[in-house]
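Q:
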Amino acid sequence: MTAAEVTTALKEKFPQATARESLDWPAFNVPAAEAMAVLKYLRDEFAYDMLTDVTAIDWSAGKSPRFTVVWHVFSTAQHTYVRLAADCPADAAPAMPSATGLWPGANWHERETYDMFGIIFEGHPDLRRILMWEGYPYFPLRKEFPLSGIETDLPDVEIAAETKAKLIPAPMMGGPFVASTGEMGLGDAEPKAKDESWSERREKP
Amino acid sequence: MPTEHTFPDSAAKAAGVQAHARAVAQAGVPAATEFETEKMSLSMGPSHPSTHGVLRIQMELDGEIVTKAEPVVGYLHRGDEKIAENMTYNQFVPYTDRLDYLAPLANNVAYAIAVERLAKLELPPRGQAIRVIVCEMARISAHLMGLGAYGIDVGAWSVFLYSFTEREKLYKLFEELTGARFTTSYTRIGGVARDVPEGWIGRVDAFCDQFLPILEETLKLLTRNKIFLDRTEGIGVISKEDAIAYGLTGPNLRGSGVPLDLRKDKPYSGYEQYEFDVPVGSRGDCYDRYLVRGEEMRQSVRILKQALAKFPGGEWYAKDARKIFAPPKDKILTSMEELIQNFMLVTEGPQMPAGEVYFEAENPKGALGFYVVSKGGGVPWRVKIRSPSFCNLSILPKVCVGAMISDVVSILGSLDFVMGECDR
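From first to last, the protein sequence lines stand for chains P and F.
Just so you know, we're using the numbering used here here: the first sequence kicks off at 196 and counts up by one.
Just so you know, we're using the numbering used here here: the second sequence kicks off at 42 and counts up by one.
1) Do residue 400 (chain F) and residue 155 (chain F) come within 8 Å of each other at the CB atom, strictly closer than that value?
2) Name, going along the chain, the residues of the region 199-225 of chain P whose beta-carbon falls closer than 9 Å to a beta-carbon of chain F.
3) Evaluate residue 352 (chain P) with the Cβ neighbour count: other Cβ atoms within 10 Å of its Cβ, from every protein chain shown; 16 or more gives buried, anything less gives exposed.
4) Rounded to a whole number of angstroms, what is the C-alpha to C-alpha distance between residue 256 (chain F) and residue 302 (chain P)?
5) Starting from the beta carbon of residue 118 (chain F), find every residue of chain P whose beta carbon is closer than 8 Å, and list them in chain order.
6) So does the region 117-130 of chain F actually touch the region 184-197 of chain F, counting three or more Cβ pairs closer than 8 Å?
7) Using alpha carbons as the reference points, say which of P:285, P:319, P:234 and P:354 lies closest to residue 270 (chain P).
8) Got a sec, what are the start and stop residues for the beta strand (DSSP E) residue 316 (chain P) sits in?
9) Would you give the residue range spanned by the alpha helix (DSSP H) that residue 201 (chain P) belongs to?
10) So the beta strand (DSSP E) residue 229 (chain P) belongs to, where does it begin and stop?
11) Tell me the residue span of the beta strand (DSSP E) that contains residue 99 (chain F).
12) Helix, strand or coil: which one does DSSP assign to residue 400 (chain F)?
13) Is residue 226 (chain F) close to chain P, meaning its C-beta is less than 8 Å from at least one C-beta of that chain?
14) Name, please, each residue of chain P whose Cβ falls closer than 7 Å to the Cβ of residue 159 (chain F).
15) Does the distance from the C-beta atom of residue 280 (chain P) to that of residue 265 (chain P) stay below 8 Å?
16) If you draw a straight line from the C-alpha of residue 447 (chain F) to the C-alpha of residue 360 (chain F), how long is it?
17) Could you have a look at residue 458 (chain F) and say whether DSSP puts it in helix, strand or coil?
18) If the criterion is Cβ atoms closer than 8 Å, does the pair residue 338 (chain F) and residue 93 (chain F) meet it?
19) May I ask which residues mark the beginning and end of the beta strand (DSSP E) holding residue 263 (chain P)?
20) Closer than 9 Å by beta-carbon distance: list the chain F residues that pair up with residue 278 (chain P), in chain order.
21) Report back the beta-carbon spacing between residue 25 (chain F) and residue 304 (chain F) to the nearest angstrom; my notes put them in contact at under 8 Å.
22) Classify residue 287 (chain P) as helix, strand or coil using the three-state DSSP reduction.
23) Name the chain F residues whose beta carbon is nearer than 7 Å to that of residue 336 (chain P)?
24) Roughly how many whole angstroms lie between the Cα atoms of residue 459 (chain F) and residue 453 (chain F)?
25) Please state whether DSSP places residue 393 (chain F) in a helix, a strand or coil.
26) Report buried or exposed for residue 207 (chain F), applying the criterion of at least 16 other Cβ atoms within 10 angstroms of its Cβ.
27) Select from F:90, F:329, F:120 and F:135 the residue whose C-alpha is nearest the C-alpha of residue 223 (chain F).
28) What residues match up with residue 106 (chain F) in a beta bridge as DSSP calls it?
29) Round the Cβ separation of residue 445 (chain F) and residue 105 (chain F) to the nearest angstrom and send it over; I've been treating them as touching at under 8 Å.
30) Rounded to whole angstroms, what is the Cα-Cα separation between residue 289 (chain F) and residue 408 (chain F)?
31) Helix or strand or just coil, what does DSSP make of residue 323 (chain F)?
32) Is DSSP giving residue 117 (chain F) helix, strand or coil here?
33) Can you grab the Cα-Cα spacing for the pair residue 410 (chain F) / residue 357 (chain P), in whole Å?
34) Under 8 Å between C-beta atoms, does residue 109 (chain F) make it to chain C?
35) Just list the residues that DSSP pairs residue 249 (chain P) with in beta bridges.
36) Suppose contacts are defined by Cβ-Cβ distances below 8 Å. Is residue 114 (chain F) in contact with residue 434 (chain F) by that definition?
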């Protein structure tokens, strides 16, 4: 089963699937509603029996579609990958059908994607945060979330009430040498201290 | 006395009764004795010797039998993926050390190859051979650590002493090569940080020669050890189908009888030139996973021996990596062009084409994948780290049900995970 055969078969069966630009494996864009059917088809007909990865990309606030969910499936018999991507229809409340019905291993991957991007996986049996704690108010991998973090209450309410401690953002945006994303001029992109409220001479506030 | 157990479902009941009967048989108590049991919840970890880091398992127990196990991860979450989006490709290399911190050399290589696929770079034979050598040394050192810790988990202290002595010898070699023992950051995108030191190849070869007999001696402490067999045989059985459905990789997948090894099946960095076997288990229990790791060390030595014997000459970085690879230090200080190049690399980062790649490397713990999305420029738009430990741990709720508490320790040790990689 070559990549070309998968491509032709998939295009025949799902006319809405389009080829996605890729530097390595065959990749397809599919509508969100069809994603599960395509994954099931790949699993059952082409022996892409292992779901290696589920993740999402945030194309930054204001872009539409904003969130793209990406699946990588692997065939343990032919040793090839296929990448499948689907844009979340709603930008404000992104949602996607869950693959937990096809692979139990999708459970944690989808929990992580929800935790980091706030994408709701419909049909997931137990969609909770996994890396951050329950009740954390932000989705850290969204582009508007700053690298240094945002001031937040401690997860433990009792300790928070007793000590009045808070989680504070990292000083200097997380490090003295921070490069910046995007297409910007040399002066802006040069790694430097983003937060100059404290330095070696002046004390940390 | 009531005669009914109160178990939540029939599968757990059947497994629980079996485990109970086994315990009863071992203790010599008549099997007819029945106990009234009440559910108890127990939090194992996040700081527990057998959780190898900061993993918490929220368990529900019926007596000593686990009826529900819910791993709680994230205690070591540092936001590596967020950090990757905010720095240049080169700057992220040291962060990959901190994923599977027991095999930093192999993590570096996985990340570097992913970015090299994006930049369409091909390493010359010497660079590839160096990477294979350090990857296999990292595999041996990670498995030695896993083996020693597993021994301690199930009550065999002496294995740890043997395996750590050998691991220490490897760390001396790492230090000589990279300047660091633990977080090595040796790989660069498009090559490695520096060529191997003089005489180092010979010292690795000497290590291999003296290592094999010691490895046999170490494994002999466990392989036919009655206590070890009792603790591992038939415990934590993962079927072939489950292993694939949960996305298990590495020795855990092969222990369940799936002969998948990316070094063999999807060769990278010139692994196709070396002869080695892929060990697979037959039953998928803790013992099989132990055996697979033991054999993998022997195979790694085999690969090392071949790589060292035909260690090629030439360059150790890709020729067209000029826009990525830092120029030699003496050139930076004396030549204008190299100084400019270095300045551009540091300020803007290596300029990458737009596109996306996904690359998985066969690491000691399993398939470590990097999904890199680039919009062009020196900073990735998105880096997703697919960590094998995360996937391997997701099967825990299924495997632990019906096991005894002491079996959970055995199962955890046999899955051989690293929380740095799981939580990222």
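For every residue, glycine included, the Cβ atom is placed at its ideal position computed from N, Cα and C.
In this text, all values refer to a predicted model and were calculated from it rather than measured experimentally.
A: Taking the definition as stated:
1) Residue numbering aside, residue 155 (chain F) sits at position 114 when the second sequence is read from its first letter. Residue numbering aside, residue 400 (chain F) sits at position 359 when the second sequence is read from its first letter. Yes, these two residues count as a Cβ contact at 8 Å.
2) 215, 216, 217, 218, 219, 220 and 222
3) On the first sequence, position 157 is the one that residue 352 (chain P) refers to. Exposed, since its Cβ has fewer than 16 Cβ neighbours within 10 Å.
4) Here residue 256 (chain F) refers to the residue found at position 215 when the second sequence is read from its first residue. Here residue 302 (chain P) refers to the residue found at position 107 when the first sequence is read from its first residue. Each residue's alpha carbon lies about 38 Å from the other.
5) For the purposes of this step, residue 118 (chain F) is identified with residue 77 of the second sequence, where counting begins at 1. Simply 326 and 327.
6) no
7) Taking the first sequence and counting its residues from 1, the one referred to as residue 270 (chain P) is at position 75. That would be P:234, whose Cα lies nearest to the Cα of residue 270 (chain P).
8) Taking the first sequence and counting its residues from 1, one reaches residue 316 (chain P) at position 121. Element bounds for residue 316 (chain P): 315-317.
9) Stepping through the first sequence from its first residue, residue 201 (chain P) is reached at position 6. Looking at the DSSP string, the run of the alpha helix (DSSP H) that includes residue 201 (chain P) is 198-208.
10) Stepping through the first sequence from its first residue, residue 229 (chain P) is reached at position 34. Neither: residue 229 (chain P) is in no beta strand (DSSP E) and is coded neither H nor E.
11) Here residue 99 (chain F) refers to the residue found at position 58 of the second sequence. Taken as a continuous stretch (DSSP letters only), the beta strand (DSSP E) holding residue 99 (chain F) covers 97-103.
12) For the purposes of this step, residue 400 (chain F) is taken as residue 359 along the second sequence, with counting starting at 1. Residue 400 (chain F) falls in the strand class under three-state DSSP.
13) Within the second sequence, the letter at position 185 stands for residue 226 (chain F). No - not a single Cβ of chain P is within 8 Å of the one on residue 226 (chain F).
14) Indexing the second sequence from 1 puts residue 159 (chain F) at position 118. Chain P residues near residue 159 (chain F): 218.
15) For this step, residue 280 (chain P) is matched to residue 85 along the first sequence. For this step, residue 265 (chain P) is matched to residue 70 along the first sequence. Yes, they are a contact pair.
16) The residue given as residue 447 (chain F) occupies position 406 in the second sequence. The residue given as residue 360 (chain F) occupies position 319 in the second sequence. Distance between the alpha carbons of residue 447 (chain F) and residue 360 (chain F): 55 Å.
17) Your numbering for residue 458 (chain F) matches position 417 in the second sequence. In the structure shown, residue 458 (chain F) sits in coil (DSSP, three-state: anything other than H, G, I, E or B).
18) Position 297 of the second sequence, counted from the start, is the residue given in the question as residue 338 (chain F). Position 52 of the second sequence, counted from the start, is the residue given in the question as residue 93 (chain F). No, the Cβ-Cβ distance between residue 338 (chain F) and residue 93 (chain F) is not below 8 Å.
19) Within the first sequence, numbered from 1, the residue matching residue 263 (chain P) stands at position 68. 262-269 is the span of the beta strand (DSSP E), which, as asked, contains residue 263 (chain P).
20) Sequence index remark: in the first sequence, residue 278 (chain P) carries index 83 (1-based). Residues of chain F passing the Cβ test: 397, 399 and 412.
21) Residue 25 (chain F) lies beyond the stretch modelled for chain F, which goes from 42 to 465, so this question has no answer here.
22) For the purposes of this step, residue 287 (chain P) is taken as the residue at position 92 of the first sequence. Three-state DSSP puts residue 287 (chain P) in coil, outside helix and strand.
23) Residue mapping note: residue 336 (chain P) aligns to position 141 of the first sequence, counting from 1. Residues of chain F passing the Cβ test: 122 and 123.
24) Along the second sequence, one-based indexing puts residue 459 (chain F) at 418. Along the second sequence, one-based indexing puts residue 453 (chain F) at 412. Whole-angstrom Cα-Cα distance: 11 Å.
25) Along the second sequence, read from residue 1 onward, the residue named residue 393 (chain F) stands at position 352. Residue 393 (chain F) falls in the strand class under three-state DSSP.
26) Residue mapping note: residue 207 (chain F) aligns to position 166 of the second sequence, counting from 1. Label assigned to residue 207 (chain F): buried.
27) Along the second sequence, one-based indexing puts residue 223 (chain F) at 182. Residue 223 (chain F) has its Cα closest to that of F:135, out of F:90, F:329, F:120 and F:135.
28) Within the second sequence, residue 106 (chain F) is the residue found at index 65, counting from 1. Residue 106 (chain F) pairs with F:103 and F:445.
29) What you label residue 445 (chain F) is simply residue 404 of the second sequence in a count that begins at 1. What you label residue 105 (chain F) is simply residue 64 of the second sequence in a count that begins at 1. Sure, about 5 Å apart at Cβ, within 8 Å.
30) Locating residue 289 (chain F) in the second sequence gives position 248, where the first residue counts as 1. Locating residue 408 (chain F) in the second sequence gives position 367, where the first residue counts as 1. Their Cα atoms are separated by approximately 9 Å.
31) Mapped onto the second sequence, residue 323 (chain F) falls at position 282. Three-state DSSP puts residue 323 (chain F) in coil, outside helix and strand.
32) Within the second sequence, numbered from 1, the residue matching residue 117 (chain F) stands at position 76. Note: residue 117 (chain F) maps to coil in three-state DSSP.
33) As a position in the second sequence, residue 410 (chain F) is number 369, starting the count at 1. As a position in the first sequence, residue 357 (chain P) is number 162, starting the count at 1. Computed Cα separation, rounded: 43 Å.
34) The structure shown has no chain C; the protein chains it does contain are P and F.
35) The residue labelled residue 249 (chain P) in the question sits at position 54 within the first sequence. Bridge partners of residue 249 (chain P): P:266.
36) One-based indexing of the second sequence puts residue 114 (chain F) at position 73. One-based indexing of the second sequence puts residue 434 (chain F) at position 393. Yes, Cβ-Cβ distance for residue 114 (chain F) and residue 434 (chain F) is below 8 Å.
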